[in-house]
Structures are given as C-alpha cells and as structure tokens.
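*Asks:* One structure, as structure tokens, below. Some questions next.
Protein chains in written order, with the working numbering: chain E, 1 to 382; chain Y, 1 to 342.
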C-alpha cells in the first residue's frame, strides 16, 4: 500500500515535471529566456545537478571533481562525431560508458577516504584530468583551441551511408538534423529520463541504503552492510549523469574545451545543488535553472540598463545607486552569486526546497488547529 | 650535481608560499576546527594590499609650470607621485621599495579582515558539518575575489621589485663552485628567507609565549581549557586573524614573482589544500614540511630530463603525490591520529 502510494505520488511529480519542462518555450517567454540555447543549458545542467545530487544528496560525499566527468563526456561525444557518425545516440552512449569507467576508477580510489579527504581526492583527480587535457593529451583534446569538428574527419558510418555534405555537419538523430527547438526537446526528453531514473533510485531500497550511509556510516557497517560498493555505485551513477550532460553539451554545440573540467565547474554544480536543496529531487533542478538563468540575464545587463532601471531616483542618489548596482551585474554577476550562496548556506542550509517547505508548513499550521506532529529528525540518536 | 641543486633552489620559493598558506590553513583548522576554503582568497587579498599601497603612493598630482615649455610648446606638466609630495626625496625610496613596505599596510588590514570574517560568518559554523564549512567559505572566497575584480579589474597588475634586488645571486660561488654555475634570483632567495622567518616566528610564538601555550592547550583540549576559566574562543579568533596575516604576508611578498590577479587565490588554494592534506590535517610541522616538499618535487618534475621520461608529469605531480599519500598514509606525513578520519 505504502509503496503504491509513493509511486503514485512520484508519477504525479513526474507528470508535473514533464509538463513544466516541455512547456518551457511557452512559460519562459515573459522571462525573456525562451531561446533554444539557454533552454538547452537549463536541461543539460539540470541533468548534471540531478546526478551530482545522487552522490552528495544521498550519501553525503561531497565531490569537488565532477567536472572531470562532464569534460570526458564532451570529449567522447565529439570524438564519436568525428570518427563515426553525427548521430547523437551513439555519442551519448559512448560518453556515458567512458565517464562511467572513469568514475569507477576515481570512485574506487577516492571512496577509501571520507569527509574532507574524499573532497580533496576527487579534486586532485579532476585537476589532474584538467592539467593533462591541457598538456600531454593535446593530441586527443586539442588543448587550448578546444576539440572541434573538421572537414577532414573520417566519420566512417556517415560517409558509408550517404555522400558527404558540403560544410560542417551538425548533430542529428536517425538522420534527422536538429534545428530550432528540436535540440532543446531532445535534451528535455533526456532530462525527463534522467529525472525518472533518479526518482526510482530515491524510492528504491538502494536509495535507502545510501541515505543510511549519509546519516551514520559506522552504524551501517555494524549492521552488517558493506557500504563501499553502494557508495561506489552511487558515485558511478552520478559520474554517468555528468557524462550524459557533457555529451549533450557536445550535441548542442560540437565543441569540447578543457575549461569544462576546471574545478570552478565542479564548484558550480555544488552551488546549484545547494541552492536548490540537497537531497531533494527537484531542488537541484531548480538550482541549476536559477543559476543558469541569472548567469545569462544578469551578465547581459550593463550600466545603461541599470541606469534606466533606477531612473526614478533623484539625480545624486541615482549615480551612487547605479555605480554600486552595476558592480553586481554584467561582469560582476559572480559577486551576486557568491553573496546569495553565502546567505543561503548561513540562513537556509536546505536551499530553496527548505524555504518552500517552511512556508507550506507555516500555512499548514495556521490552517490546522491541533499541533502538527514533530518532523522526523534525520539525525541519528546518539 | 649543480642541476639538482638548482632545482632544489627553484622549489624553495614556491614551497615557501605553499608552506605559509598551508600553515595558516592548519592553524585555523587546528584551533577552530574549520575547513577554510577562503584561505587562498586571503593570500590574494594580501597581494592586493601591495597593489593598493603602490597605487596609493604613486597617485600623481599634476602641477603646471608656466615658466617651462614642453617640446611642443604647451606649459610643462609636472607629475609628482603622492609619496614625493608628502615625503620629498624619501618618497622616491618608498616607491622603489613599495612591495616590502606594504607589509606595514597588510598586517593591520589582514588582521581586521581575518577577525571580521571569523566573527561575522565563520563563528556560526563551528558546530556545522565540514561540508557546510567548505561551502560557506567557498562562497566567501567567491565574494572576495569578485570584489577585488570589481575594484582592480580582471587583468594581472605587475609589481616591480626594488632595483637593488633585481638580478641573481651567484649561489654557486658561496658553495665553492665556479662563478655563474649556479645562480638564483635575489628576490626568490629573499622570499625563501622571508617565509622561513615567518614560519619560525609563528612557531616561536606558539612555543614560547603564554598566549601560544594557551592556544596549544586549546588545540589539544578545548573544553578543559575553557573550564579552567580561560576565554579560549577569543584567543582562537585572534589566531584566525594571525593566520590571515600569515597568508596575506605570503601574498604581499609574492607579488613581484607573479603579477597578482583576482583568481590568484583560487589557484593557490587548491594546491595548498593538497599540501595540508599531504602534511596531515592539523599538524603544523607537517604543513610546513609538505609545503617545501611539494614545491621542490614540482620543480624537479619540470626538469627537461624528467619530462622526457614521463610526459606531463610536471602538470600533475602535486596531485599525484597527494593521491598516493592519501591512499597509502591516510593521516598524511605527520598527521594526528583520528583527525577527520570519521
């Protein structure tokens, strides 16, 4: 009965989520964000954040090296475009497999330590990948110029099936080249699949096990579970999600650069997850959307726009306010991001989802006269 | 032989910087138990103290001298830096030695920044998980770096070193080798000596003063020291300020070697965390030893012969060392037992 209930609730969540994602081109119109490039990013980074959350949100292991998987996914996808075919599916499959393999290696080694040591180990591995991509692996990664498509690429399968078209091709699906919103819908469908799988993981006994690792690993060990295989599985799954996101980045724009693997990129996905709400399903998605939205909108602001916005102020104050405010937009949008982030961690550690929960809880209380039962504490009783 | 010595020397200045940052990180961790991801930002802020100091004293006042004419006939504009208007001839010397002099500015500024940071934000995070500490200080680091970017712009600002310290010392001659066999830039030698002095000062402060003794006792057992009626919290706050000063001074003196830009701190942060972990979380001698060790290892890895054997090793040597040490010896080189091993 209980299982049925959760799955029905999950089904409703999934349906609402699908509706929200697929109607993005409509409801993002008033926000000025309904262009394919940005919406693709929304979908892709949401996948990245969902995957990261499977590791961080469920097991509590804070990885600072997830960008490595994103980068490997991108490189693999572009190589699949160059060597085999422009079809998106094989590229994605290869990217997921390869980043998964890398995650097995990194995860196996890193998960032997926990806490800050785990963070440092993942960070060290990611920085190694990044530095190597810039130096020795230049034949594979093309170093600073980024890996891109080339007119001389063999593209074995494509050239066997059809005569080579003039100019650089773009990614396709079963011979149908993406154009306009199709690229976005492809990413959106991938996001829905990723969300669905994450939902299943959250609801499964496996997910329960991962939560157990987060709340008290020692106790899990004493209960007779060997926790490491579970944590490793979670690590690999989240690495594969990152690989998928990287591949989709390459599908929407067949170009892969090493800067995608830098540790700031790993930091970004941490920010997204925290902002939205660690350990919740929809939180990281929200976080990714908000960060990507404001990154695009805020960084497009310039002093004139700010000045027009504050036109109602008296002249002297106007200049001061504009001078201060313009530091927070455009180039300086990261400053806003950093401040918001600090505030969130200090006052709302659960992120946006906790804020939502607190507000609904408040309304619940005022509606219902009898006291609500105390919320279940996640802290183990010591 | 002298090739090896040269690499050893080359590693010393970078190792000095790593050691200073790692020392501060370890101090903060050992006293407050806080994982401070903003420590690299403090290094960067120190470097920008030097930049700000120089920009302040070289601010120019323009006076127009009608009696003299410039080559194209206009009245001559004489530009005098602020320092010269204030201090006359001595001002020129001040500008010449602006980098070492900015230490005077950096100490109070870094102390205030450090204490403000601890009282303002980090205080609330003692009891929270390490993940949350990492996150909040990471946010602080972003804020600090963006503020600097907004003030000083995104480009690196090079700081000239004093003319008398340019050029290289003929270290080989001191060691009984021929002239010009082994040379080493004066400033880098100075940096090494400077970092060694600061490290010695911090250790002496902890070992030979009452304040230091109390702090060491607090690091060992905070509660008991508190029960003895000592306000250990305030002392730990001061230690945080001190760690900020150490990082800041490391930054000030590093400016002539690498022109500082706003993400200098982030570049050093990742490395110095690796250094701390290699040395062993919470161990001050470990941090210093690991700092120099990794600096020297890095300089050996960038030798042409080594690179020919293992291509790309110079890029990853530090991380590789960290991975190996963490996997083989989880406590680091000289780490304390049970430190964050849960």
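Yeah, the Cβ is synthetic: ideal placement off N, Cα and C, and Gly gets one too. Just so you know, these numbers come straight off a predicted model, no measurement behind them.
Which of the residues in the region 281–307 of chain Y, read from start to end, lie with their CB under 9 Å from any CB of chain E?
*Replies:* Using a CB distance below 9 Å, the part of the region 281–307 of chain Y facing chain E consists of 281, ordered along the chain.
*Asks:* Using the beta-carbon count (16 or more within 10 Å), is residue 158 of chain E buried or exposed?
*Replies:* On the first chain, residue 158 of chain E is found 158 positions in, with the first residue counted as 1. Around the beta carbon of residue 158 of chain E, 16 or more other beta carbons sit within 10 angstroms, so the residue counts as buried.
*Asks:* Quick check on residue 153 of chain E: does DSSP put it in helix, strand or coil?
*Replies:* Counted from its first residue, the first chain places residue 153 of chain E at position 153. Looking at residue 153 of chain E - three-state DSSP - the assignment turns out to be coil, as it is neither helix nor strand.
*Asks:* Could you please tell me which residues of the region 119–134 of chain E, in chain order, have their CB closer than 8 Å to any CB of chain Y?
*Replies:* 119, 120, 121, 123, 124, 125, 127, 128, 131, 132 and 134
*Asks:* Excluding sequence positions up to five away, which residues of its chain have a Cβ less than 8 Å from the Cβ of residue 70 of chain Y?
*Replies:* Within the second chain, numbered from 1, the residue matching residue 70 of chain Y stands at position 70. Result list for residue 70 of chain Y: 76 and 77, in chain order.
*Asks:* Enumerate in chain order the residues of its own chain whose CB-to-CB distance from residue 377 of chain E is below 8 Å, with the five nearest sequence positions on each side excluded.
*Replies:* In the first chain, residue 377 of chain E corresponds to position 377, counting from 1. No answer about residue 377 of chain E holds up, because its pLDDT of 42 lies below 50 and its placement is not dependable.
*Asks:* Please state the DSSP three-state secondary structure of residue 349 of chain E.
*Replies:* As a working note, residue 349 of chain E is residue 349 in the first chain. Correct three-state label for residue 349 of chain E: coil.
*Asks:* Cβ of residue 142 of chain Y less than 8 Å from any chain E Cβ?
*Replies:* Here residue 142 of chain Y refers to the residue found at position 142 when the second chain is read from its first residue. So, interface residue.
*Asks:* Measuring CB to CB, does residue 291 of chain Y end up less than 8 Å from residue 19 of chain Y?
*Replies:* Along the second chain, one-based indexing puts residue 291 of chain Y at 291. Along the second chain, one-based indexing puts residue 19 of chain Y at 19. Cβ atoms of residue 291 of chain Y and residue 19 of chain Y: closer than 8 Å.
*Asks:* Measure the C-alpha to C-alpha separation of residue 364 of chain E and residue 7 of chain E and round it to an integer number of angstroms.
*Replies:* One-based indexing of the first chain puts residue 364 of chain E at position 364. One-based indexing of the first chain puts residue 7 of chain E at position 7. If you take the alpha carbons of residue 364 of chain E and residue 7 of chain E, they lie about 24 Å apart.
*Asks:* Among the residues of its own chain, which have a CB less than 6 Å from the CB of residue 96 of chain Y, if the five just before and after it don't count?
*Replies:* For the purposes of this step, residue 96 of chain Y is taken as the residue at position 96 of the second chain. 162, listed in sequence order.
*Asks:* Can you have a look at residue 60 of chain Y and say buried or exposed, based on whether 16 or more other CB atoms are within 10 angstroms of its CB?
*Replies:* Position 60 of the second chain, counted from the first residue, corresponds to residue 60 of chain Y. The residue in question, residue 60 of chain Y, is exposed, as its Cβ has fewer than 16 Cβ neighbours within 10 Å.
*Asks:* Would a check of beta-carbon distances place residue 132 of chain Y closer than 8 Å to chain E?
*Replies:* The residue you call residue 132 of chain Y lines up with position 132 of the second chain. Residue 132 of chain Y counts as touching chain E.
*Asks:* Residue 257 of chain Y to residue 250 of chain Y, Cα distance in whole Å?
*Replies:* As a position in the second chain, residue 257 of chain Y is number 257, starting the count at 1. As a position in the second chain, residue 250 of chain Y is number 250, starting the count at 1. The straight-line gap from Cα to Cα measures roughly 12 Å.
*Asks:* Once you ignore the five residues that flank residue 47 of chain Y on each side, which residues in its own chain have a CB closer than 7 Å to its CB?
*Replies:* Within the second chain, residue 47 of chain Y is the residue found at index 47, counting from 1. Closer than 7 Å at the Cβ level, and outside the excluded window around residue 47 of chain Y, lie 251, 252, 254, 255, 260 and 264.
*Asks:* Count the other CB atoms, across all protein chains shown, that sit within 10 Å of the CB of residue 192 of chain Y; report buried if there are 16 or more and exposed otherwise.
*Replies:* Residue 192 of chain Y sits at position 192 when you count from the first residue of the second chain. By the neighbour-count rule (16 or more Cβ atoms within 10 Å), residue 192 of chain Y is buried.
*Asks:* According to the Cβ coordinates, are residue 316 of chain Y and residue 131 of chain E closer than 8 Å?
*Replies:* Locating residue 316 of chain Y in the second chain gives position 316, where the first residue counts as 1. Locating residue 131 of chain E in the first chain gives position 131, where the first residue counts as 1. Against a cut-off of 8 Å, the Cβ pair of residue 131 of chain E and residue 316 of chain Y comes out as a contact.
*Asks:* Give the range of the beta strand (DSSP E) segment to which residue 273 of chain E is assigned.
*Replies:* Counting from 1 along the first chain, the entry for residue 273 of chain E is found at position 273. Note, residue 273 of chain E: premise wrong, no beta strand (DSSP E); alpha helix (DSSP H) at 263–276.
*Asks:* Compare the C-beta of residue 116 of chain E with all C-beta atoms of chain Y and state if any pair is closer than 8 Å.
*Replies:* By 1-based counting over the first chain, the position of residue 116 of chain E is 116. Yes, residue 116 of chain E counts as interfacial toward chain Y.
*Asks:* I need the boundaries of the alpha helix (DSSP H) containing residue 149 of chain Y, first residue and last residue.
*Replies:* Start at 1 with the first residue of the second chain, and residue 149 of chain Y comes out as number 149. 130–152 is the extent of the alpha helix (DSSP H) around residue 149 of chain Y.
*Asks:* Starting from the Cα of residue 257 of chain E, find the closest Cα among E:360, E:68, E:175 and E:17 and give me that residue.
*Replies:* As a working note, residue 257 of chain E is residue 257 in the first chain. When only C-alpha atoms are compared, the closest one is E:68.
*Asks:* Rounded to whole angstroms, what is the Cα-Cα separation between residue 273 of chain E and residue 122 of chain Y?
*Replies:* Taking the first residue of the first chain as 1, we reach residue 273 of chain E at position 273. Taking the first residue of the second chain as 1, we reach residue 122 of chain Y at position 122. So the alpha carbons of these two residues sit roughly 21 Å apart.
*Asks:* Assuming residue 120 of chain E and residue 28 of chain Y form a contact by the criterion Cβ under 8 Å, report the distance between their Cβ atoms to the nearest whole angstrom.
*Replies:* For the purposes of this step, residue 120 of chain E is identified with residue 120 of the first chain, where counting begins at 1. For the purposes of this step, residue 28 of chain Y is identified with residue 28 of the second chain, where counting begins at 1. Contact doesn't hold; Cβ gap of about 16 Å is too wide.
*Asks:* So, is the C-beta of residue 41 of chain Y closer than 8 Å to a C-beta in chain E?
*Replies:* Taking the first residue of the second chain as position 1, residue 41 of chain Y is located at position 41. No - not a single Cβ of chain E is within 8 Å of the one on residue 41 of chain Y.
*Asks:* Using a threshold of 8 Å, state whether the C-beta atoms of residue 277 of chain Y and residue 326 of chain Y are closer than that.
*Replies:* Counting from one through the second chain, the residue named residue 277 of chain Y turns up at place 277. Counting from one through the second chain, the residue named residue 326 of chain Y turns up at place 326. Yes, they are a contact pair.
*Asks:* Is any non-hydrogen atom of the ligand NAP found closer than 7 Å to the C-beta of residue 28 of chain E, if you look at the structure I gave you?
*Replies:* No copy of the ligand NAP occurs in the structure displayed, which carries no ligand at all.
*Asks:* Name the residues in the region 244–277 of chain Y whose C-beta lies less than 7 Å from a C-beta of chain E; which are they?
*Replies:* 270, 273, 274 and 277
*Asks:* Suppose contacts are defined by Cβ-Cβ distances below 8 Å. Is residue 58 of chain E in contact with residue 155 of chain E by that definition?
*Replies:* Here residue 58 of chain E refers to the residue found at position 58 of the first chain. Here residue 155 of chain E refers to the residue found at position 155 of the first chain. Result no, Cβ atoms of residue 58 of chain E and residue 155 of chain E do not sit closer than 8 Å.
*Asks:* Listing by chain order, which chain Y residues have their CB less than 9 Å from the CB of residue 314 of chain E?
*Replies:* Locating residue 314 of chain E in the first chain gives position 314, counting from the first residue. Result: empty, since nearest Cβ-Cβ is about 25 Å, beyond 9 Å.
*Asks:* Can the beta-carbon of residue 148 of chain E be found closer than 8 Å to that of residue 255 of chain E?
*Replies:* Here residue 148 of chain E corresponds to residue number 148 of the first chain, with the count starting at 1. Here residue 255 of chain E corresponds to residue number 255 of the first chain, with the count starting at 1. Yes, the pair counts as a contact, with Cβ atoms nearer than the cut-off.
*Asks:* Check for me: the alpha helix (DSSP H) holding residue 8 of chain Y runs from which residue to which?
*Replies:* The residue given as residue 8 of chain Y occupies position 8 in the second chain. Here the alpha helix (DSSP H) through residue 8 of chain Y covers 2–32.
*Asks:* Excluding five sequence neighbours on each side, which residues of the same chain lie with their C-beta closer than 7 Å to the C-beta of residue 55 of chain E?
*Replies:* As a position in the first chain, residue 55 of chain E is number 55, starting the count at 1. Here the set comprises 61, 63, 234, 235 and 238.
*Asks:* What span of residues does the alpha helix (DSSP H) with residue 159 of chain Y cover, start to end?
*Replies:* Residue mapping note: residue 159 of chain Y aligns to position 159 of the second chain, counting from 1. Where residue 159 of chain Y is concerned, there is no enclosing alpha helix (DSSP H), given that its DSSP letter is neither H nor E.
*Asks:* To which residues does DSSP link residue 348 of chain Y through a beta bridge?
*Replies:* This structure cannot speak to residue 348 of chain Y, because chain Y is shown only from 1 to 342.
*Asks:* For residue 383 of chain E, list the residues DSSP reports as bridge partners.
*Replies:* Any property of residue 383 of chain E remains undetermined from this structure, which presents chain E solely from 1 to 382.
*Asks:* What does the Cβ neighbour count give for residue 3 of chain Y, buried or exposed, with the cut at 16 atoms within 10 Å?
*Replies:* Here residue 3 of chain Y is taken as the residue at index 3 of the second chain, counted from 1. Exposed, by the Cβ-count rule.
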